[in-house]
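Chemist: According to our numbering, the stretch in the sequence shown is residues 225 to 455, in order.
I am attaching a structure below and will ask some questions about it afterwards.
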Amino acid sequence: MLDLSPTEWTAIQLSLRVAAVATLVATPLGIALAWLLARRDFWGKSLVDAAIHLPLVLPPVVTGYLLLLTFGRRGLVGAWLADHLGIVFAFRWTGAALACGIMAFPLLVRPIRLSIEAVDRRLEQAAGTLGAAPWRVFLTITLPLALPGVLAGMVLGFAKALGEFGATITFVSNIPGETQTISSAIYSLIQTPDGDAAALRLVAVSIVIALAALVASEWFARRATKRLHGN
């Protein structure tokens with residue numbers, strides 16, 4: 225049952241790499257937007273919040289198709305990137321990371337925003353009255369106190385990116401060794417004669433990784449609550 229084939233190992237390793245890159249690239253933008261939503265009031269705030277959470281309610285295939293129209297070789301942005309910078313996302317593992325990052329973004333931003341909102345603003349104001357610049361207040365007060373929430377968001381985003389299927393297969397297809405993640409490999413195996421055993425092995429691996437990520441996220445959330453309440 226646990227005797228994974230080289231193809232299965234490749235799918236697992238590619239999934240982990242795609243999910244890790246998607247999470248690491250999305251985290252700085254997620255922190256910035258979470259802080260903006262938590263600490264600033266501006267016209268269109270509800271629209272920005274809705275746009276961030278839109279991938280959660282749109283069919284994943286729609287998101288993947290929009291990515292193909294935008295970042296494909298003939299897309300609005302993809303054509304320019306390919307012609308001028310030599311960057312191609314469509315049908316590459318980097319495109320899978322882009323799709324996974326967008327699908328995981330709402331789950332990454334939400335815990336970070338809640339964690340920042342829970343930080344006592346009087347601490348930030350005190351640092352400001354002592355002459356600390358806003359960026360220094362954020363780096364030395366807000367971010368350290370919100371760090372458990374940031375880590376929880378990263379873990380949730382990683383777990384979501386690891387299991388993404390619809391947007392990924394629509395945008396980058398299902399190419400073994402290049403874009404075939406665990407989800408797309410399972411999809412291929414269940415349509416192949418005698419592929420049930422291999423599919424079950426990958427399902428078991430997916431469950432173990434997802435459970436580990438959820439347990440880690442819960443642990444970080446508990447740590448955030450205790451830290452913010454001084455316990």
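Ideal Cβ placement from N, Cα and C applies to all residues, glycine included.
Out of P335, A440, L347, state which residue places its alpha-carbon closest to the alpha-carbon of W259.
Modeler: Mapped onto the sequence shown, residue 259 falls at position 35. That would be P335, whose Cα lies nearest to the Cα of W259.
Chemist: What residue from H277, V333, S397, T294 has the CA that sits closest to L248's CA?
Modeler: The sequence position of residue 248 within the sequence shown is 24, counting from 1. Of the candidates H277, V333, S397, T294, the one whose C-alpha sits nearest the C-alpha of L248 is V333.
Chemist: Just to confirm the assignment, what range does the alpha helix (DSSP H) spanning A320 have?
Modeler: On the sequence shown, residue 320 is found 96 positions in, with the first residue counted as 1. Residues 317-342.
Chemist: Please work out which residues of its chain come closer than 6 Å, Cβ to Cβ, to G381, disregarding the five sequence neighbours upstream and downstream, and give them in chain order.
Modeler: The residue labelled residue 381 in the question sits at position 157 within the sequence shown. Here the set comprises T247, A328, L331, L332.
Chemist: Applying the criterion that 16 or more other CB atoms from any shown protein chain within 10 Å of the CB defines a buried residue, is A303 buried or exposed?
Modeler: As a working note, residue 303 is residue 79 in the sequence shown. Per the 10 Å Cβ criterion, exposed.
Chemist: Are the Cβ atoms of F444 and A376 separated by less than 8 Å?
Modeler: The residue you call residue 444 lines up with position 220 of the sequence shown. The residue you call residue 376 lines up with position 152 of the sequence shown. Yes, the pair counts as a contact, with Cβ atoms nearer than the cut-off.
Chemist: Please look up how many angstroms separate the CB atoms of V379 and A437, rounded, as I've assumed it's under 8 Å.
Modeler: Counting from one through the sequence shown, the residue named residue 379 turns up at place 155. Counting from one through the sequence shown, the residue named residue 437 turns up at place 213. With 8 Å as the limit, V379 and A437 qualify as a contact, their Cβ atoms being about 5 Å apart.
Chemist: DSSP on C357, reduced to helix/strand/coil?
Modeler: On the sequence shown, residue 357 is found 133 positions in, with the first residue counted as 1. The identity of residue 357 in the sequence shown is Ala, whereas the question assumes Cys. Coil, per DSSP.
Chemist: Is it a yes or a no for the stretch 391-409 touching the stretch 310-317, going by three-plus beta-carbon pairs under 8 Å?
Modeler: With a cut-off of 8 Å, the stretch 310-317 and the stretch 391-409 count as touching, because enough Cβ pairs lie within range.
Chemist: Which same chain residues, not among the five before or five after G325, have their C-beta less than 7 Å away from its C-beta?
Modeler: Taking the sequence shown and counting its residues from 1, one reaches residue 325 at position 101. Closer than 7 Å at the Cβ level, and outside the excluded window around G325, lie A246, V249, A250, A385.
Chemist: Whose C-beta lies closer than 7 Å to the C-beta of T179 among residues of the same chain, with five residues either side of it excluded?
Modeler: Because the chain spans 225 through 455 in this model, residue 179 falls outside it and cannot be assessed.
Chemist: Pick out whichever of A244, T353, A350, A274 has its Cα sitting closest to the Cα of A323.
Modeler: Reading the sequence shown from its first residue, position 99 is the one you call residue 323. Of the listed residues, the one whose Cα sits closest to A323 is A244.
Chemist: Look at L228 and R425 and say whether their C-beta atoms are less than 8 Å apart.
Modeler: Taking the sequence shown and counting its residues from 1, one reaches residue 228 at position 4. Taking the sequence shown and counting its residues from 1, one reaches residue 425 at position 201. The answer is yes: Cβ separation under 8 Å.
Chemist: On the CB-based measure, 16 or more other CB atoms within 10 Å of its CB, does L253 come out buried or exposed?
Modeler: Numbered from 1 along the sequence shown, position 29 holds the residue referred to as residue 253. Exposed: under 16 other Cβ atoms inside 10 Å.
Chemist: For the alpha helix (DSSP H) holding Q415, just list the boundary residues, first then last.
Modeler: The residue labelled residue 415 in the question sits at position 191 within the sequence shown. First-last for Q415: undefined, no H or E at that position.
Chemist: Counting C-beta neighbours from all protein chains within 10 Å, is the total for T353 16 or more, i.e. buried, or is it exposed?
Modeler: Your numbering for residue 353 matches position 129 in the sequence shown. It counts as exposed.
Chemist: Quick check on V301: does DSSP put it in helix, strand or coil?
Modeler: The count along the sequence shown starts at 1 and reaches residue 301 at position 77. Coil at V301, not helix or strand.
Chemist: Going by beta-carbon coordinates alone, are S412 and G387 separated by less than 8 Å?
Modeler: Along the sequence shown, read from residue 1 onward, the residue named residue 412 stands at position 188. Along the sequence shown, read from residue 1 onward, the residue named residue 387 stands at position 163. Contact: no.
Chemist: Is A423 closer than 8 Å to I414 when the C-beta atoms are compared?
Modeler: One-based indexing of the sequence shown puts residue 414 at position 190. One-based indexing of the sequence shown puts residue 423 at position 199. Going by C-beta atoms, I414 is nearer than 8 Å to A423.
Chemist: Could you tell me the distance, in whole angstroms, from the CA atom of I474 to the CA atom of T403?
Modeler: Lying before the first or after the last residue shown, residue 474 is absent from the chain, which here runs from 225 to 455.
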